[in-house]
Structure formats: C-alpha cells, structure tokens
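Respectively, the protein sequence lines represent chains A and B. Residues in the first sequence are numbered from 1 upward in steps of one, following this note's numbering. Residues in the second sequence are numbered from 227 upward in steps of one, following this note's numbering. Built from N, CA and C at the ideal position, the CB exists for glycine as well. This one's a predicted model, so the numbers in the text were calculated from it and none came from an experiment.
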Amino acid sequence: MITFGNVSKFYNDWPALESINLQVQPGEFLVVSGPSGAGKTTLFRHIWMGDLPSIGKVEVAGYRSDRIRRSDLPFLRRKLGIVFQDFRLLPERTVFDNVALPLQVAGTSPKAIRRRVFSLLAEMELNHRRGSYPHELSGGEQQRVAIARAMVAHPVILLADEPTGNLDPEVSRMVIDLLIEINRSGTSVILATHDPRQVPAGTARFLYLERGHLVNPGIWDGYRQL
Amino acid sequence: MIHLIKNAVSEGLLNIRRKLGSFLITLLMVSLSFMVFDIFLIISWNLGTALKDEQENVGIEVFLKDNIIEIEAVILADIMSGMEGVRSVYYVSPEEAEAVFRADLPEQADLLTLLGPQFHLPPSIQISLHPDYRTSEKVGGLARTISGMDGVEDIVYGKEYLPGLTRAVDILEKLVILAGLLLALSLSLVVANTVRLAVARRALTVQIMSIVGAPGWFVRVPFLGEGLLTGVAGAAGSLLLTVAVSWMLSSSVPHYFLPGKWIMLVLILGASSGAAGSWIGMRSGIPKPRS
C-alpha cells in the first residue's frame with residue numbers, strides 16, 4: 001500500500017530524511033514517533049506527495065513519486081485522509097461545510113453529500129454542532145471534526161500528524177481510541193506522535209525517527225527505549 | 227462533473243461575498259485606472275475622427291487653362307478618371323464655379339460684378355481619391371503627373387498640411403495601441419497583486435482544498451472568475467464614470483462618446499487583464515509539490 005524505497009530528502013543540502021526504507025500493509029496501524037524536527041511531517045508530506053523525494057521513490061496506493069503528474073495528485077489525495085495537529089479547519093465554514101469539503105471537490109451530488117455527512121457527524125456525536133463554526137468548538141470537538149473531514153470520502157489510508165498535540169490527556173485518549181476504531185474498520189492508519197505510549201501495545205507497529213533516520217527498524221517497540 | 231463545476235462556481239461567488247468590502251475597493255481601483263484610459267480613448271477618438279474627416283476631404287483640384295474648350299476638358303477628365311488611385315472626377319464649368327462662388331461667399335459676390343462680364347472663373351476638374359491614395363506621397367505623385375498634362379494651369383491639393391495630417395493620424399493610431407498595451411499591462415499587475423493577496427489570505431483554504439483532492443482547476447477557477455469579474459466590472463464601472471464626466475462636459479467641450487466597438491474593446495481589455503492578473507497571481511500563490 002505504501003512503499004518508501006531508499007528515500008532521502010534534502011532542503012538546501014540539509015537532510016530532512018535519509019535512506020528511508022518502509023512498507024505499510026493495507027489495514028495496518030503504524031505509529032511513527034520521534035522528537036520535533038525528526039522528519040515525521042516530511043515523511044507524511046511524501047505520502048501525500050506534497051514533497052517529492054530528492055533520492056529514491058515513494059509508492060502510495062499505486063501512484064509512484066517518480067511518475068506522478070500534477071493532474072494525478074487529486075486522485076491520490078482522495079484515497080487519503082489527513083489530520084493535522086492544528087486541525088486546519090476552515091474558519092469561515094460551518095462544521096457541516098468543513099466535513100463536506102472533500103466530497104464537494106470530488107463532485108459528489110449535494111444529496112449524497114448530505115446523507116454521508118449527516119451519518120458521519122451522528123457517528124462521531126457531532127450532529128448537534130453541524131451549524132457551528134470552528135471557533136465555537138472545543139479543541140477535542142475541532143479535532144473530531146478534522147477526523148470526520150478526513151474520513152468522509154472513505155479513504156484507504158488515514159494520516160494523523162500529531163493529532164493530540166494540542167489536546168488535554170483525556171481528549172487525547174478519546175482521539176486515539178477513535179483512530180483505533182477507524183483502523184479496526186479496515187482503514188490503514190499512520191499516526192505521527194512524539195509520545196507513542198498513547199497507543200496501547202499490540203495495537204500498532206512502532207517506528208522511531210531521529211534526524212531523518214529510522215532508528216533500529218523492526219526492533220524498536222515504542223516503549224523500551226523511552 | 228456538473229456538480230464539480232457548480233461547486234467551483236459557488237465557491238467563487240462565496241469568496242467574493244465573504245470579502246465584499248475589499249472586492250469593492252479593488253473594483254473602484256480598477257475602474258479609476260480604466261477611466262484614465264477611457265478619457266484618453268475619447269480624446270483620441272474625437273481627434274482621430276476630426277483628422278479622418280479632414281483626410282476624407284483630401285482630393286485634387288485641377289484648374290484648367292482659360293482657353294480650353296468644354297470637350298477638351300471632358301476628355302481630360304476622362305483620362306484622369308482612368309488613373310490609378312482616382313475614385314471619381316467632376317468637371318466644374320466656369321458657370322458652375324461662379325454659381326458656387328456666389329453661394330459659398332455671398333458677401334463677396336459683388337466682386338464678380340465689378341470685374342465685368344468678360345471675367346470668368348477658370349474651369350476645373352475635382353478629383354476624389356481612393357482612401358489608400360490620401361497620403362501626401364501618393365497625392366503628390368499623382369499631382370505631378372497631372373500637372374504635366376496639356377490644358378492644366380494649376381493644381382491645388384493641400385501639400386502644406388497633408389504631410390502633417392498623414393503623420394498625425396499615423397502617430398495617433400500608434401499612440402492608442404501603445405497606451406492600450408501599457409494600460410493592459412499595468413491593470414494586469416494591479417489585478418495580479420490583488421489576486422495574489424487574495425490567494426495569500428485564503429492560503430489555508432487553498433492548501434486544504436489541494437490536500438483533500440481538489441483538482442487544480444477547481445482551486446483556480448474561483449480566483450480566475452474573480453479576476454475576470456474584477457476586470458469586466460471595473461471596465462464597465464469606468465465606462466459609467468466616464469459617461470457621467472462626458473455628460474457634464476458636453477456643453478462646454480462638444481465631443482462624441484466612444485462608439486460601440488470601442489466600448490466592447492474596453493470591456494474585452496478589462497476581462498483579459500483581469501484573467502491575466504489572476505493567472506499571474508495564482509502562479510505565485512498556489513502551492514506545487516516540492517521536488
């Protein structure tokens with residue numbers, strides 16, 4: 001589903017990622033942790049191809065970084081759902097409109113959009129908030145709306161980049177539970193976090209990034225070294 | 227696809243509604259810039275019309291010798307009518323010349339009476355030319371040929387003012403094109419900067435749309451539509467303002483307003499500078515994958 005083949009990325013000769021080899025299987029839950037500046041976000045940007053590798057290649061859901069055209073990017077990104085630490089909800093749109101956005105840009109009919117968004121908001125206990133604007137919501141609610149937006153178009157991979165970074169521990173636990181639930185329903189989940197202990201042992205595969213390198217891949221389990 | 231197009235259009239309208247204030251300010255800016263151009267066009271149009279009218283009257287008046295008989299004059303006129311560049315010829319007999327003189331200059335009609343019945347105005351041939359032959363060079367060439375013909379006394383064709391007139395029309399046409407291009411460029415930059423700022427203001431929207439899988443055109447269409455609308459509405463607004471100014475000045479400075487074709491030209495220029503501006507603005511504002 002996702003393959004990194006000897007990927008390196010340099011920004012003005014500064015290595016953000018170096019010699020990354022990685023495979024993610026369908027339905028897998030992968031936790032990528034590491035300190036700030038380790039390259040977690042760069043790794044994610046390579047998955048949604050906001051960045052292309054300087055060396056090596058990335059393959060995601062059949063799209064290869066060395067062959068992808070700009071016109072293919074929307075089709076790749078419709079297979080992904082992305083959640084950010086700072087939520088990135090559009091402030092001038094209601095909860096409903098924020099969640100509906102991926103369907104609107106894919107040309108889904110208004111009727112089908114209403115049906116899907118209402119059902120998802122109900123599932124995530126946000127229906128009563130559908131007419132609210134992001135600034136009227138709590139941090140936890142905003143992150144749930146962001147997750148709903150990421151899930152609305154039935155992505156095959158959910159990328160969550162430090163989704164609990166701005167939340168208190170209790171709400172963070174709820175968000176992680178939600179991601180586990182999403183993974184159980186068959187969606188691959190890749191979670192970037194600086195604190196892998198949020199994810200219960202045995203539910204995910206753990207990777208540790210440091211200065212753009214994967215540290216002891218296949219050995220590090222997210223707990224022992226912390 | 228229909229839903230996608232509908233969504234792109236409504237996204238554009240929504241963007242304008244959300245920032246109506248700054249949109250109106252931009253519109254006013256574009257209108258005022260275009261108004262300068264409109265006024266320039268009106269001046270050029272009126273000046274050009276006057277010059278063209280003057281050029282329209284460019285012809286050759288061939289005065290014949292007094293002793294020429296009418297049949298010889300008619301033969302001369304026939305020869306002249308066959309010459310290159312001649313549209314038509316008209317023979318003016320001494321009697322007709324006198325009648326014209328009396329009609330055109332009634333206050334000097336007594337002069338003819340004073341000169342006595344033996345005085346006659348000379349017969350003449352008036353030559354009108356094809357439009358392409360109304361330049362000083364071509365008229366001069368034709369006049370030289372005719373002046374060498376038997377029976378021709380003198381030739382009048384305005385050789386003093388014709389070169390200046392031809393040059394003035396030529397310069398004016400070039401000036402209008404140059405000013406049009408410069409203005410289109412400057413307006414494109416004004417709209418480009420406005421759209422670039424709009425893209426920057428909506429950077430989050432653009433980024434999120436791109437991340438959730440919006441096709442490139444879906445992201446661009448609202449900006450392009452906004453630029454196009456700004457250009458056309460700005461040009462239309464400038465025309466309205468110019469009509470008002472033209473109406474206020476009409477009694478003190480008589481003039482014509484722009485003809486329909488020129489109004490269309492202003493609107494098309496507005497649309498294209500708006501679209502070009504949006505394109506320039508989007509090129510620098512919408513993110514591409516970093517390789």
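Does the separation of the CB atoms of residue i and residue j fall below 7 Å?
i, j, result
"B/T252", "B/T392", "no"
"A/L100", "A/I113", "A small correction: the amino acid at residue 100 of chain A is Ala; Leu does not occupy that position in the sequence shown. Yes."
"A/G34", "A/E162", "no"
"A/V60", "A/V95", "no"
"B/F444", "B/M508", "no"
"A/L158", "A/T193", "no"
"A/E18", "A/G165", "no"
"B/L493", "B/V395", "no"
"A/S65", "A/P74", "no"
"B/P349", "B/L302", "no"
"B/G377", "B/I294", "yes"
"B/K410", "B/S472", "Going by the sequence as given, residue 410 of chain B is Ala instead of Lys. Not a contact, by the Cβ cut-off of 7 Å."
"A/A148", "A/P102", "no"
"B/G496", "B/S414", "no"
"A/N21", "A/F4", "yes"
"B/V300", "B/M306", "no"
"A/V105", "A/V58", "no"
"B/V369", "B/Y383", "At residue 369 of chain B the sequence reads Ala, which differs from the Val that was named. Cβ atoms of B/A369 and B/Y383: closer than 7 Å."
"B/I381", "B/V318", "no"
According to DSSP, what are the bridge partners of residue i?
i, result
"B/V471", "According to DSSP, B/V471 bridges with nothing at all."
"A/G81", "A/L158"
"B/I381", "B/V288"
At the 7 Å Cβ level, is residue i part of the contact set with chain A, yes or no?
i, result
"B/I437", "yes"
"B/N241", "no"
"B/P441", "yes"
"B/M508", "no"
"B/F444", "yes"
"B/T468", "no"
"B/R244", "yes"
"B/T392", "no"
"B/L450", "no"
Give the DSSP-derived three-state secondary structure of residue i in the structure shown.
i, result
"A/G139", "helix"
"A/T193", "strand"
"A/L226", "Caution applies to A/L226, whose pLDDT of 46 falls short of 50 and renders its modelled position unreliable; the value that the coordinates give is listed next. Looking at A/L226 - three-state DSSP - the assignment turns out to be coil, as it is neither helix nor strand."
"A/T94", "coil"
"B/D376", "coil"
"B/H346", "coil"
"B/L391", "helix"
"A/N133", "Rather than Asn, the amino acid found at residue 133 of chain A in this sequence is Tyr. Residue state, collapsed to three classes: coil."
"A/W14", "strand"
"A/N6", "strand"
"B/N241", "helix"
"A/R292", "Any answer about residue 292 of chain A is impossible in this case: the structure gives chain A only from 1 up to 226."
"A/V175", "helix"
"B/I297", "helix"
"B/S476", "coil"
Using a Cβ-Cβ distance under 7 Å, would residue i count as near chain B?
i, result
"A/L101", "yes"
"A/S19", "no"
"A/Q104", "yes"
"A/E92", "yes"
"A/S36", "no"
"A/R77", "yes"
"A/S138", "no"
With a threshold of 6 Å (Cβ to nearest heavy atom), would residue i be considered close to the ligand ADP?
i, result
"A/G81", "With respect to the ligand ADP, the structure shown offers nothing to examine, as it has no ligands at all."
- Which full runs of the alpha helix (DSSP H) of 4+ residues lie inside the region 399-441 of chain B, going along the chain? 429-437
- Query: Which whole runs of the alpha helix (DSSP H) in the region 315-363 of chain B are 4 residues long or more, in chain order?
  - Reply: 320-330 and 335-341
- Task: Ignoring anything shorter than 3 residues or poking outside the region 19-82 of chain A, list the beta strand (DSSP E) runs there in chain order.
- Result: 29-33 and 55-60
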